[in-house]
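Student: Residue numbers (the numbering used here): 2 to 273. Idealized CB from N, CA, C, for every residue including glycine.
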């Protein structure tokens, strides 16, 4: 049976075209000289200059990055702790309730989560701003970190921790020196996932934000409602470029690590 056929090639081409042609068109029209995004009037980079002179977009981008870094860091710490408890603590009173509360944001509609947090912040008298957005993003993103780290802890060889304890390490030192370095890829993946979710969030942030804090997704959504401007195309192109560079860099680092590991294994297998 042939693995390659014209049907498979055509389906694959159409699928990739459906996914990436809108992005390619967006990138092309970000260099359009016309104010009308649907009319090509020649090549120009003026809208990138206009974007970097737009204080509203720059302030929104800074708020978004600040919120994403803080919320993903807190969510990574709390999610890792929750995962460790769920995997290592065994059965304890309230485990079902605890695990249910950890994983509830995974299936809870964002509208319900955002509205609930809004009512909570109003009830305790907390002014909405950067702090409330950070708390909201931490609430719904820590469950994703917990899932990622839990999957790594389940397959973790506990005999390594036991060996560290036998050699005189305290439980905290065994976790810091043995467990944490081994599960570090899962922790980093959880942080990146929480960071991405925070950057992309619109619904929950719209409920928990205030006049002093406007995130980039909210700013873009508000601007698009009045019509797509070339500045938004330029901003989207920059975001696509950043993501592309990040993915390529991560792929190269992973490939180099695999090559280095294979080389070390071959050297270890050589006779002395």
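Assuming residue 118 contacts residue 235 (C-beta within less than 8 Å), just tell me the rounded distance between them.
Tutor: In the chain shown, residue 118 corresponds to position 117, counting from 1. In the chain shown, residue 235 corresponds to position 234, counting from 1. A Cβ-Cβ distance of about 33 Å is found for the pair residue 118 and residue 235, leaving them out of contact under the 8 Å criterion.
Student: Since residue 36 is in the alpha helix (DSSP H), which residue starts that stretch and which ends it?
Tutor: Translated into the one-based positions of the chain shown, residue 36 becomes position 35. Careful: residue 36 lies outside any alpha helix (DSSP H) and carries neither H nor E.
Student: Just to confirm my understanding: we take residue 143, look at its own chain, exclude 5 residues before and 5 after, and list those with CB closer than 6 Å. What are they?
Tutor: Residue numbering aside, residue 143 sits at position 142 when the chain shown is read from its first letter. Excluding residues within five positions, the ones whose Cβ falls inside 6 Å are 76, 79 and 80.
Student: Measure the C-alpha to C-alpha separation of residue 199 and residue 269 and round it to an integer number of angstroms.
Tutor: Residue 199 sits at position 198 when you count from the first residue of the chain shown. Residue 269 sits at position 268 when you count from the first residue of the chain shown. Roughly 43 Å between the two C-alpha positions.
Student: Would you list the residues sitting across from residue 211 in a DSSP beta bridge?
Tutor: Numbered from its first residue, the chain shown carries residue 211 at position 210. Answer is 214.
Student: What are the start and end residues of the alpha helix (DSSP H) that includes residue 249?
Tutor: For the purposes of this step, residue 249 is taken as the residue at position 248 of the chain shown. It spans 231-270 - the alpha helix (DSSP H) in which residue 249 sits, taken as one unbroken run.
Student: Using a 10 Å radius around the Cβ and a threshold of 16 neighbouring Cβ atoms, would you call residue 252 buried or exposed?
Tutor: To locate residue 252, count along the chain shown from 1; it is residue 251. Its Cβ having fewer than 16 others within 10 Å, residue 252 is exposed.
Student: Which word fits residue 20, buried or exposed, when buried means at least 16 other C-beta atoms lie within 10 angstroms of its C-beta?
Tutor: Here residue 20 refers to the residue found at position 19 of the chain shown. The residue in question, residue 20, is exposed, as its Cβ has fewer than 16 Cβ neighbours within 10 Å.
Student: Assuming the contact rule is C-beta atoms closer than 8 Å, residue 57 and residue 220 should be a hit. Round their C-beta distance to whole Å, please.
Tutor: The residue labelled residue 57 in the question sits at position 56 within the chain shown. The residue labelled residue 220 in the question sits at position 219 within the chain shown. Right, their Cβ atoms sit about 7 Å apart.
Student: Determine the burial state of residue 191: buried for a count of at least 16 other Cβ atoms within 10 Å of its Cβ, exposed for fewer.
Tutor: Translated into the one-based positions of the chain shown, residue 191 becomes position 190. Residue 191 should be labelled buried.
Student: What do you reckon, are the CB atoms on residue 149 and residue 162 nearer than 9 Å?
Tutor: The residue given as residue 149 occupies position 148 in the chain shown. The residue given as residue 162 occupies position 161 in the chain shown. Not a contact, by the Cβ cut-off of 9 Å.
Student: With a Cβ-Cβ cutoff of 9 Å, do residue 225 and residue 233 count as a contact?
Tutor: Counting from one through the chain shown, the residue named residue 225 turns up at place 224. Counting from one through the chain shown, the residue named residue 233 turns up at place 232. Their beta carbons are under 9 Å apart, which means residue 225 touches residue 233 by this criterion.
Student: Can you find the residues in the same chain that come closer than 7 Å, C-beta to C-beta, to residue 1, ignoring five residues on each side of it along the sequence?
Tutor: Here the chain has residues from 2 to 273 only, and residue 1 is not among them.
Student: What's the gap between the Cα of residue 36 and the Cα of residue 209?
Tutor: Counting from one through the chain shown, the residue named residue 36 turns up at place 35. Counting from one through the chain shown, the residue named residue 209 turns up at place 208. Going by the C-alpha atoms only, they are around 34 Å apart.
Student: Tell me which same chain residues have a C-beta within less than 6 Å of the C-beta of residue 211, skipping the five on either side of it?
Tutor: For this step, residue 211 is matched to residue 210 along the chain shown. Same-chain partners within the cutoff: 129 and 130.
Student: Under the DSSP definition of a beta bridge, which residues are partnered with residue 44?
Tutor: Against the chain shown, residue 44 aligns to sequence position 43. Answer is 33.
Student: Between residue 197 and residue 134, which are expected to be in contact by the criterion C-beta below 8 Å, what is the C-beta distance as a whole number of angstroms?
Tutor: Against the chain shown, residue 197 aligns to sequence position 196. Against the chain shown, residue 134 aligns to sequence position 133. Here residue 197 is actually not in contact with residue 134; their C-beta atoms are around 16 Å apart, not less than 8 Å.
Student: Please classify residue 44: is it buried, with 16 or more other beta-carbons within 10 angstroms of its beta-carbon, or exposed?
Tutor: In the chain shown, residue 44 corresponds to position 43, counting from 1. With fewer than 16 other Cβ atoms within 10 Å, it is exposed.
Student: Residue 2 by DSSP, collapsed to three states: which one?
Tutor: On the chain shown, residue 2 is found 1 positions in, with the first residue counted as 1. Legend: pLDDT at residue 2 = 49, less than 50; position of this residue unreliable, value from coordinates given subsequently. Residue 2 sits in coil when the DSSP states are folded into three classes, being neither helix nor strand.
Student: Give the DSSP-derived three-state secondary structure of residue 80 in the structure shown.
Tutor: In the chain shown, residue 80 corresponds to position 79, counting from 1. It is helical.
Student: Measure the CB-CB distance between residue 218 and residue 38 and report whether it falls below 9 Å.
Tutor: Counting from one through the chain shown, the residue named residue 218 turns up at place 217. Counting from one through the chain shown, the residue named residue 38 turns up at place 37. Cβ distance not < 9 Å, so residue 218 and residue 38 don't count as in contact.
Student: Apply the 10 Å Cβ neighbour rule to residue 9 and answer buried if 16 or more other Cβ atoms are within range, or exposed otherwise.
Tutor: As a first step, residue 9 is located in the chain shown; it is residue number 8 there, counting from the start. Residue 9 should be labelled exposed.
Student: Let me confirm a value: residue 25 is counted as buried when at least 16 other C-beta atoms fall within 10 Å, else exposed. Which label applies?
Tutor: Taking the chain shown and counting its residues from 1, the one referred to as residue 25 is at position 24. Exposed, since its Cβ has fewer than 16 Cβ neighbours within 10 Å.
Student: For residue 125, does the three-state DSSP call read helix, strand or coil?
Tutor: Against the chain shown, residue 125 aligns to sequence position 124. In the structure shown, residue 125 sits in coil (DSSP, three-state: anything other than H, G, I, E or B).
Student: Hey, which unbroken runs of the alpha helix (DSSP H) at 4 residues or more fall wholly within the stretch 134-190?
Tutor: Those alpha helix (DSSP H) runs which fall completely within the stretch 134-190 and span 4+ residues are 159-167 and 172-175.
Student: So, using beta-carbon positions, are residue 99 and residue 88 closer together than 9 Å?
Tutor: Taking the chain shown and counting its residues from 1, the one referred to as residue 99 is at position 98. Taking the chain shown and counting its residues from 1, the one referred to as residue 88 is at position 87. Their beta carbons are not under 9 Å apart, which means residue 99 does not touch residue 88 by this criterion.
Student: State the Cα-Cα distance for the pair residue 239 and residue 48, rounded to the nearest angstrom.
Tutor: One-based indexing of the chain shown puts residue 239 at position 238. One-based indexing of the chain shown puts residue 48 at position 47. The straight-line gap from Cα to Cα measures roughly 12 Å.
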